Amino acid sequence: MNWEQLLSLKRFGDTNKRLRKEQDETRLGFEVDYDRVIFSSEFRSLQDKTQVIPLSKIDFVHTRLTHSLEVSVVARTLGRKVGAKLLEKYPHLNTVHGYQANDFGAIVAAAALAHDIGNPPFGHSGEKAIGEFFKNGKGTNFKSFLTDKEYQDLCDFEGNANGFKILTESRQGREGGLRLSYATLGAFIKYPKESLPKKPTAHIADKKYGFFQSEKEVFLDVAKELGLISTGKDDNVSFSRHPLAYLVEAADDICYTIIDFEDGINLGLIQEEYALEYLIKLVKTNINTKKYQNLSNTQDRLSYLRALAINTLINEAVEVFLDNETSILKNNFPHALLDKCAYEAQINDIIAISIKNIYQSKEVIDKEIVGYEVINKLLHVYTKTVQNKVEGDLTNFDKLILRSLPETVNLNHDDLYNNLMSICNYISKLSDGKIKETYLKLMGQNV
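Each step along the sequence shown adds one to the number in the UniProt record's numbering, with nothing skipped, and position 175 is 175.
Listed below in structure tokens is the structure:
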């Protein structure tokens, strides 16, 4: 791979090449990507979607929206730091093409801002609930009508692939979705492969999948434009990661490691003294002991340690990326950046505590159980309507259901798969509060 292609400003539908030197510096293309994400309705719905605690009423607990904003800030710094060093290594990127260090920051920030845009309500349990419906629930009825890869898309419903669908899916008046630059789309795709085969290698890019069959041709167009390396065998589509996807992943890893931990402390799920001890281990070489001892309350101490920890991990991620940049360009770096940093042990300790005390806490589990029931009910109703529509046997109730759906939900596809994907995509866009309201309406409890 080469950076000239990887930094492509191309957007869906372009007929002429966009050159960096011809960009308006006051309205740079990569910065437009950020604007388009932040003004999208799908991004706004993240304000009422779970990050750690579903349906939390406590204002300091992070939602997907606040998490995404924080990840984008960390990502921008990562991108700029890496960009400055890459321009020193490849000066022609600036002198010939006009790229600046901030371009790298803008690409990574925009991709990071969108990184959770495809996540369903109720957090990762929402993904699992959709998958369970098709794998073990009433959705198994559809298996015989779908290809193996189409069915796998549903059984392992993936927020990353759904995000790519949201960013790129065309509809009347909105061809090409948000029409982001291909560089930003490339950085967004953490897992540049289809749903089958599952985990064909131990490479981090093969851990999950990054696009549905419905967006396969769009993905191939992006991969070709960026010059990603094809790694798929037979007729299976799989490519190398865009190098900047490593930075998007690192920004997310940094934030959920440190900030979810902070939420756990604020919620009382992790003891303050115990938690501060773990954070101090992470920043012990950078801490100003006198300044820290002058902080009189938990919130200030926690904020100070959090800022130090994030800065420490940013510098570590940048160093690992730059040390391995040549291998990354050749698709020979199969790890997440933080998995190879000097603080891997401390990070793993914090994550282990978070899993035990936060992600597996009774409050989280109880609300995830509710999420399973809500999503299962909605999928049962909507997919039954889809099936009856395809078979030309709509009931009066089905007709009411169809009228209740937004005009943006397209159930007029010629095939069952795309109609089922439209329903899953619709449900995934609902906020935690909206899906609860919809559930109560379908149960006759909200009139």
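Idealized CB from N, CA, C, for every residue including glycine.
Remember, it's a predicted structure, so these values are computed and weren't measured experimentally.
Proximity of residue i and residue j at Cβ, strictly below 8 Å
i, j, result
"Ser68", "His115", "yes"
"Lys149", "Glu194", "yes"
"Ile117", "Glu31", "no"
"Tyr90", "Arg20", "no"
"Leu154", "Leu416", "no"
"Ser8", "Glu262", "no"
"Ile107", "Ala161", "no"
"residue 526", "Pro243", "Because residue 526 is not part of the residues shown, which for the chain are 1 to 447, the question remains open."
"Ala110", "Asp24", "no"
"Leu295", "Ala317", "no"
"Leu228", "Met1", "yes"
"Cys341", "Val370", "no"
"Ser125", "Asp260", "no"
"Ile276", "Arg306", "One detail in the question is off: residue 276 reads as Leu in this sequence, not Ile. Going by C-beta atoms, Leu276 is not nearer than 8 Å to Arg306."
"Gly123", "Thr50", "yes"
"Arg171", "Asn410", "yes"
"Leu185", "Leu167", "yes"
"Thr312", "Asn288", "no"
"Asp48", "Thr63", "yes"
"Arg76", "Ala101", "no"
Own chain partners of residue i with C-beta closer than 8 Å, once the 5 adjacent residues on each side are dropped
i, result
"Asp59", "Low per-residue confidence applies at Asp59: pLDDT is 49, beneath 50, and the placement is therefore not dependable enough to give any value."
"Ala336", "Ile204, Tyr246, Glu249, Ala250 and Asp253"
"Thr395", "Asn388"
"Leu442", "Lys377, Leu378 and Val381"
"Lys57", "Any reading at Lys57 is ruled out, since the residue's pLDDT is 49, under 50, leaving its predicted position unreliable."
"Asp349", "Tyr278 and Lys281"
"Ile310", "Val74, Ile254, Cys255 and Ile258"
"Gly444", "none"
"Glu407", "none"
"Asp206", "Tyr191, Lys193, Lys199, Pro200 and Ser238"
"Thr15", "none"
Contact set for residue i: own chain, Cβ-Cβ below 7 Å, skip 5 residues either direction
i, result
"Leu55", "Bear in mind that a pLDDT of 46 at Leu55, under 50, signals an unreliable position, so the number given afterwards is only what the model happens to contain. Contacts found: Lys367 and Asp432."
"Ile351", "Thr257"
"Tyr439", "Val374, Lys377 and Leu378"
"Arg18", "Leu9, Lys10 and Gly29"
"Ala202", "Pro334"
"Leu430", "Pro121 and Thr438"
"Phe157", "Glu127, Ile130, Gly131 and Cys424"
"Ile38", "Leu113"
"Lys143", "Tyr151"
"Lys85", "Leu322"
"Ile347", "Thr257 and Leu338"
Residues bridged to residue i (per DSSP)
i, result
"Ser230", "Phe239"
"Arg174", "Arg171"
"Ile193", "It should be noted that the sequence gives Lys, not Ile, for residue 193. DSSP output for Lys193 lists Ser238 as bridge partner(s)."
"Thr50", "Thr63"
Own chain partners of residue i with C-beta closer than 6 Å, once the 5 adjacent residues on each side are dropped
i, result
"Ile270", "Gly264 and Asn357"
"Arg36", "Leu178"
"Tyr372", "Ala129"
"Phe12", "Gly176 and Arg179"
"Phe333", "Asn324 and Ser327"
"Thr298", "Glu272"
"Ser428", "Pro120 and Asn162"
"Lys434", "none"
"Asn331", "Ile229 and Ser240"
"Gly232", "Ser238"
Chain D contact for residue i (CB, 8 Å cutoff)
i, result
"Leu93", "Absence of chain D from the displayed structure is noted, only one protein chain being present."
Rounded distance between the beta-carbons of residue j and residue i, thought under 8 Å
i, j, result
"Leu113", "Ile314", "At roughly 17 Å, the Cβ-Cβ gap does not stay under 8 Å, so Leu113 and Ile314 are not in contact."
"Tyr343", "Leu282", "6 Å"
"Thr385", "Leu402", "6 Å"
"Lys165", "Phe219", "Going by Cβ atoms, the distance from Lys165 to Phe219 rounds to 10 Å, so no, they are not a contact pair."
"Val82", "Phe104", "6 Å"
"Gly210", "Ile189", "5 Å"
"Tyr274", "Tyr292", "Between Tyr292 and Tyr274 the Cβ distance is about 17 Å, and since that is not below 8 Å, they are no contact."
Contact test: residue i Cβ vs the ligand FAD heavy atom, cutoff 7 Å
i, result
"Arg11", "This structure lacks the ligand FAD; in fact it carries no ligand of any kind."
If contact is defined by three or more beta carbon pairs under 8 Å, each pair taking one atom from either stretch, is the stretch 169-188 in contact with the stretch 132-146? Short answer: they don't touch.
Is there contact here, the stretch 377-392 with the stretch 420-428, by at least three beta-carbon pairs under 8 Å? The stretch 420-428 and the stretch 377-392 touch, with three or more beta-carbon pairs separated by less than 8 Å.
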